[in-house]
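Asks:
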Amino acid sequence: MKTIASELAYFLRGRARKNLKVLFLYCSFLIVMTLIYAVLFRALMWNLEGREFSFIAGVYWTITVMTTLGFGDITFHSDLGYIFATLVTISGVVFLLIILPFGMISLFLAPWIEDRLRYRPTYELPEGTAGHVVIFGIDATTRAFIRKLQARGFPFVVVTPDHDEAMKLEEDEGLRVVCGSPTDVKVVAAVRSASARYIIANLSDSENVNICLTVRSYCQTPIATLVEDSEHASLLHLSGANQVIPLHKLLGRYLAVRSTTCGALAHVLDSFGDLKIAEIPVHGTPFSGQTLEEAKIRQQTGLAVIGIWERGTLTMPTRETVLEDTALMVLAGTREQLRTLEHLAGEKEEDLIFILGHGRIGCAAAHFLEHKPVPFILVDRQENSSCSEHVPIYGDATIRNTLMSAGFNRAKGVIVTTNNDNTNVFLTLASRHMQPHIRIVARANSEENVDQLYAAGADFVVSNASVGAGILLNVLEAKASAFLTEGINVFRRSLPETLAGQTIADSRIRLRTGCSIVALASAGESDPKVSPPPETRLEAGSNLILIGTPEQEEAFDAVFVND
Ligand code: ADP
Ligand code: ZN
19 MKTIASELAY
29 FLRGRARKNL
39 KVLFLYCSFL
49 IVMTLIYAVL
59 FRALMWNLEG
69 REFSFIAGVY
79 WTITVMTTLG
89 FGDITFHSDL
99 GYIFATLVTI
109 SGVVFLLIIL
119 PFGMISLFLA
129 PWIEDRLRYR
139 PTYELPEGTA
149 GHVVIFGIDA
159 TTRAFIRKLQ
169 ARGFPFVVVT
179 PDHDEAMKLE
189 EDEGLRVVCG
199 SPTDVKVVAA
209 VRSASARYII
219 ANLSDSENVN
229 ICLTVRSYCQ
239 TPIATLVEDS
249 EHASLLHLSG
259 ANQVIPLHKL
269 LGRYLAVRST
279 TCGALAHVLD
289 SFGDLKIAEI
299 PVHGTPFSGQ
309 TLEEAKIRQQ
319 TGLAVIGIWE
329 RGTLTMPTRE
339 TVLEDTALMV
349 LAGTREQLRT
359 LEHLAGEKEE
369 DLIFILGHGR
379 IGCAAAHFLE
389 HKPVPFILVD
399 RQENSSCSEH
409 VPIYGDATIR
419 NTLMSAGFNR
429 AKGVIVTTNN
439 DNTNVFLTLA
449 SRHMQPHIRI
459 VARANSEENV
469 DQLYAAGADF
479 VVSNASVGAG
489 ILLNVLEAKA
499 SAFLTEGINV
509 FRRSLPETLA
519 GQTIADSRIR
529 LRTGCSIVAL
539 ASAGESDPKV
549 SPPPETRLEA
559 GSNLILIGTP
569 EQEEAFDAVF
579 VND
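Heads up: take any position in the sequence shown, counting from 1, add 18, and you land on our numbering.
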């Protein structure tokens, strides 16, 4: 059944889809022609022979003549009538019996056969293939993940049961593909799962359970799977998954963390031993409008400002950098130092966050804020059947009055998280317009819309696919790399051998890659030294913690690691 459906689906795609339109137009033309002949038939019969026929009889006569069936139960008995009947027969032969079948063959059958004959999918990887990543299920997240794999030179293979998808992925996107059912143990063996580095299951939860069981019946290669409903996580673990990633929950958390200015410790996003990395809006601190030198953050708290993020751009701060109210500081330091900052900031103004969209991600954001606790208001135009805990305000968020009557003018932050990016751009623009100083955190369902959301006035944009891809990569590399706001990466690398013995200034890491060293951990030492001065000597065997954009991270690997 599935194969018939996928073959039929062929006609709804690409070139075949365009041809389907031509076929539709042609059929419309045939219908109009039949109707005109039927009308002419009645008029001729009445005027030439004085006989009266219904319109239905006219259509019946036209079709029997055009298809050359010619029952002969209704016939003309005059010369003009014979001429008309001949004309209808000839046009039937030409348009119905010649052009239609010929068109069907050349527009549909021939390209279909051609594709089948030309493209032969791969059904198995060569024996001895090892160290590759096997990916079941291709979507925006796995595509973003694949781009990261390609940048790092990691081998991978995508498995799909669909011939046409395999052809598209291989020929149009240049990916390595194996065609086969992900729950067939023969396919699992054919993609050399036993010697693979990791297996990524990214289909529906039930299909993922099935994949895990199939893989486990064959080998012990680690499996990472994305889970749609976090209640299914334990089932996935039971069926053999090593890493179960509740993407919606994590996305909700990412959005929530960035929407509030409440306590500095709420913003810790990752840690390397005792060293915490936190993203804190300047707005919640006493430093707004000051330069980094005036703010004396290092002297007062011991924290290092390792990056400044404002409306989509990351800059490495200098002493003259002004801490704008709308910016976000990326800080590195210990839990105690963050607590000191929290005290400095003193009493917080009352926070209130609007969450626009109560889907899985909006709901997860609400749960996070609930635990802080930070007051929030959910807005959705419909009920979320899987959540019984939250009571949203029902209404269309794109209508100004829905938000205003819910008290939007008191809001300090807004999380824009509907499943439609156009709506998200609109809501971002409208929120900025209604409340120029509000903090806007927006979700991009598709990566193409990240820039538009920033242009519309969002302070932070989180893209579903990049977060998912970032998490998958961290799982794969088993590395403690923090995934902060879209566009900022904090990552750990062991000191490249070529740099051993040089000072930080000599290494010219920032000049050559754009990355900055956040902290340095000597071999065997667990506590990294934060913001080491430029004259610090880099000892062999030590670990670097760096900050940079994803491109800068790639540049670092290209310059120092892959050489
Ligand atoms: P996810 O689960 O990925 O968060 P959903 O599609 O479940 O995505 O959630 C999106 C939510 O956004 C839905 O509950 C939908 O009703 C809501 N939504 C979409 N457009 C609007 C709008 N204009 N106003 C209010 N809510 C909206
Ligand atoms: Zn909820």
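The C-beta atom is built at its ideal place from N, Cα and C for all residues, glycine as well.
Indicate the three-state DSSP secondary structure (helix, strand or coil) for residue 216 in the structure shown.
Replies: As a first step, residue 216 must be located in the sequence shown, where it is residue number 198. In the structure shown, residue 216 sits in a strand (DSSP, three-state: E or B).
Asks: Less than 8 Å between the CB atoms is what I'm expecting for residue 174 and residue 487, so what's the real figure, rounded?
Replies: Position 156 of the sequence shown, counted from the first residue, corresponds to residue 174. Position 469 of the sequence shown, counted from the first residue, corresponds to residue 487. Going by Cβ atoms, the distance from residue 174 to residue 487 rounds to 12 Å, so no, they are not a contact pair.
Asks: Hey, would you say residue 328 sits closer than 8 Å to residue 309, going by beta carbons?
Replies: Reading the sequence shown from its first residue, position 310 is the one you call residue 328. Reading the sequence shown from its first residue, position 291 is the one you call residue 309. Taking 8 Å as the Cβ cut-off, residue 328 and residue 309 do not qualify as a contacting pair.
Asks: What's the call for residue 47, buried or exposed, on a 16-neighbour Cβ count within 10 Å?
Replies: For the purposes of this step, residue 47 is identified with residue 29 of the sequence shown, where counting begins at 1. Around the beta carbon of residue 47, a 10 Å sphere encloses fewer than 16 other beta carbons of the protein chains shown; the residue is thus reported as exposed.
Asks: Report yes or no: do the segment 272-279 and the segment 382-395 share at least 3 C-beta pairs separated by less than 8 Å?
Replies: yes
Asks: Looking at the secondary structure, which residues open and close the beta strand (DSSP E) in which residue 299 lies?
Replies: Within the sequence shown, numbered from 1, the residue matching residue 299 stands at position 281. Where residue 299 is concerned, the enclosing beta strand (DSSP E) stretches over 293-299.
Asks: Between which two residues does the alpha helix (DSSP H) holding residue 197 run?
Replies: Start at 1 with the first residue of the sequence shown, and residue 197 comes out as number 179. That residue, residue 197, is in no alpha helix (DSSP H); its beta strand (DSSP E) goes 195-197.
Asks: Count the other CB atoms, across all protein chains shown, that sit within 10 Å of the CB of residue 542; report buried if there are 16 or more and exposed otherwise.
Replies: Here residue 542 refers to the residue found at position 524 of the sequence shown. By the neighbour-count rule (16 or more Cβ atoms within 10 Å), residue 542 is not buried but exposed.
Asks: Which two residues bound the contiguous beta strand (DSSP E) that contains residue 372?
Replies: Here residue 372 is taken as the residue at index 354 of the sequence shown, counted from 1. Taken as a continuous stretch (DSSP letters only), the beta strand (DSSP E) holding residue 372 covers 371-374.
Asks: Considering only the alpha carbon of each residue, which of 404, 458, 118 lies closest to residue 301?
Replies: Taking the first residue of the sequence shown as 1, we reach residue 301 at position 283. Checked all of 404, 458, 118; the closest Cα to residue 301 is 458.
Asks: Determine which residues share a DSSP beta bridge with residue 347 and list them.
Replies: Counting from one through the sequence shown, the residue named residue 347 turns up at place 329. Beta-bridge pairing links residue 347 to 298, 326.
Asks: Just the C-alpha distance for residue 500 and residue 507, rounded to the nearest angstrom, thanks.
Replies: Mapped onto the sequence shown, residue 500 falls at position 482. Mapped onto the sequence shown, residue 507 falls at position 489. Residue placement at residue 500 is flagged as unreliable, the pLDDT there being 48, under the threshold of 50; the coordinate-derived value follows with that caveat. Their Cα atoms are separated by approximately 6 Å.
Asks: Just to confirm, does residue 437 get its C-beta within under 7 Å of one of the non-hydrogen atoms of the ligand MG?
Replies: For the ligand MG, the structure offers nothing, since it holds only the ligand ADP and the ligand ZN.
Asks: Which residue wins for smallest C-alpha separation from residue 129, given the options 218, 439, 37?
Replies: Working through the sequence shown from its first residue, we reach residue 129 at position 111. Among 218, 439, 37, the Cα nearest to that of residue 129 belongs to 37.
Asks: Where does residue 439 land, buried or exposed, given buried means 16+ other C-beta within 10 angstroms?
Replies: Working through the sequence shown from its first residue, we reach residue 439 at position 421. That one is buried.
Asks: Using a threshold of 8 Å, state whether the C-beta atoms of residue 178 and residue 187 are closer than that.
Replies: Within the sequence shown, numbered from 1, the residue matching residue 178 stands at position 160. Within the sequence shown, numbered from 1, the residue matching residue 187 stands at position 169. Yes, the pair counts as a contact, with Cβ atoms nearer than the cut-off.
Asks: Helix, strand or coil for residue 12 per DSSP?
Replies: In this structure the chain extends from 19 to 581, so residue 12 is not present and cannot be described.
Asks: In angstroms, rounded to a whole number, what distance separates the CA positions of residue 115 and residue 108?
Replies: Your numbering for residue 115 matches position 97 in the sequence shown. Your numbering for residue 108 matches position 90 in the sequence shown. Roughly 10 Å between the two C-alpha positions.
Asks: Check whether the segment 123-143 touches the segment 49-61, taking contact to mean three or more Cβ pairs, one atom from each stretch, closer than 8 Å.
Replies: no
Asks: Would residue 372 and residue 432 be called neighbours here (beta carbons separated by less than 8 Å)?
Replies: Along the sequence shown, read from residue 1 onward, the residue named residue 372 stands at position 354. Along the sequence shown, read from residue 1 onward, the residue named residue 432 stands at position 414. Taking 8 Å as the Cβ cut-off, residue 372 and residue 432 qualify as a contacting pair.
Asks: When every heavy atom of the ligand ADP is checked, does at least one fall within less than 7 Å of the C-beta of residue 157?
Replies: Numbered from 1 along the sequence shown, position 139 holds the residue referred to as residue 157. No.
Asks: Looking at the ligand ZN, does it come within less than 7 Å of residue 381, judged from the CB to the closest heavy atom?
Replies: Counting from 1 along the sequence shown, the entry for residue 381 is found at position 363. With a cutoff of 7 Å, residue 381 counts as near the ligand ZN, since its C-beta is closer than that to a heavy atom of the ligand.
Asks: Counting only the same chain and skipping the five closest in sequence on each side, list residues whose C-beta sits under 8 Å from that of residue 223.
Replies: On the sequence shown, position 205 is the one that residue 223 refers to. So the list reads 245, 246, 247, 250, 253, 254, once near-sequence residues are dropped.
Asks: Tell me where the beta strand (DSSP E) around residue 398 begins and ends.
Replies: Looking up residue 398 in the sequence shown gives position 380. Where residue 398 is concerned, the enclosing beta strand (DSSP E) stretches over 394-398.
Asks: Given a threshold of 16 other Cβ atoms within 10 Å of its Cβ, counted over all protein chains shown, does residue 278 qualify as buried or as exposed?
Replies: Here residue 278 is taken as the residue at index 260 of the sequence shown, counted from 1. Answer is buried; the Cβ neighbour count reaches 16.
Asks: Go ahead and label residue 474 buried or exposed: buried means 16 or more other beta carbons lie within 10 angstroms of its beta carbon, across all protein chains shown.
Replies: Reading the sequence shown from its first residue, position 456 is the one you call residue 474. Buried, by the Cβ-count rule.
Asks: Which residue or residues does DSSP assign as beta-bridge partners of residue 261?
Replies: Sequence index remark: in the sequence shown, residue 261 carries index 243 (1-based). The partner list for residue 261 (beta bridge, DSSP) reads 242.
Asks: Please report how far the alpha carbon of residue 290 lies from the alpha carbon of residue 549, in whole angstroms.
Replies: If you number the sequence shown from 1, residue 290 lands on position 272. If you number the sequence shown from 1, residue 549 lands on position 531. Taking the straight line from one Cα to the other gives about 14 Å.
Asks: Looking at the secondary structure, which residues open and close the beta strand (DSSP E) in which residue 538 lies?
Replies: Counting from 1 along the sequence shown, the entry for residue 538 is found at position 520. Looking at the DSSP string, the run of the beta strand (DSSP E) that includes residue 538 is 534-539.
Asks: Can you tell me the Cβ-Cβ gap for residue 106 and residue 80, rounded? I've got them flagged as a contact below 8 Å.
Replies: For the purposes of this step, residue 106 is taken as residue 88 along the sequence shown, with counting starting at 1. For the purposes of this step, residue 80 is taken as residue 62 along the sequence shown, with counting starting at 1. Between residue 80 and residue 106 the Cβ distance is about 6 Å, and since that is below 8 Å, they are a contact.
Asks: Would you mind reading off the limits of the beta strand (DSSP E) that contains residue 509?
Replies: Position 491 of the sequence shown, counted from the first residue, corresponds to residue 509. Run containing residue 509: 507-512, per the beta strand (DSSP E) assignment.
Asks: Excluding five sequence neighbours on each side, which residues of the same chain lie with their C-beta closer than 8 Å to the C-beta of residue 227?
Replies: Indexing the sequence shown from 1 puts residue 227 at position 209. The residues are 250, 253, 254, 257.
Asks: To which residues of the same chain is residue 334 closer than 6 Å at the C-beta, ignoring the five residues directly before and after it?
Replies: The count along the sequence shown starts at 1 and reaches residue 334 at position 316. So the qualifying residues of the chain are 534.
Asks: Do residue 518 and residue 557 come within 8 Å of each other at the CB atom, strictly closer than that value?
Replies: The residue labelled residue 557 in the question sits at position 539 within the sequence shown. The residue labelled residue 518 in the question sits at position 500 within the sequence shown. It is a contact, given that the beta carbons lie within the stated cut-off.
Asks: Go through the segment 436-461 residue by residue and report every complete run of the alpha helix (DSSP H) that reaches 4 residues or more, in order.
Replies: 439-452
Asks: Compare the Cα-Cα distances from residue 361 to each of 484, 67, 189, 304 and report the closest residue.
Replies: Counting from 1 along the sequence shown, the entry for residue 361 is found at position 343. Checking every option, the nearest Cα to that of residue 361 belongs to 304.
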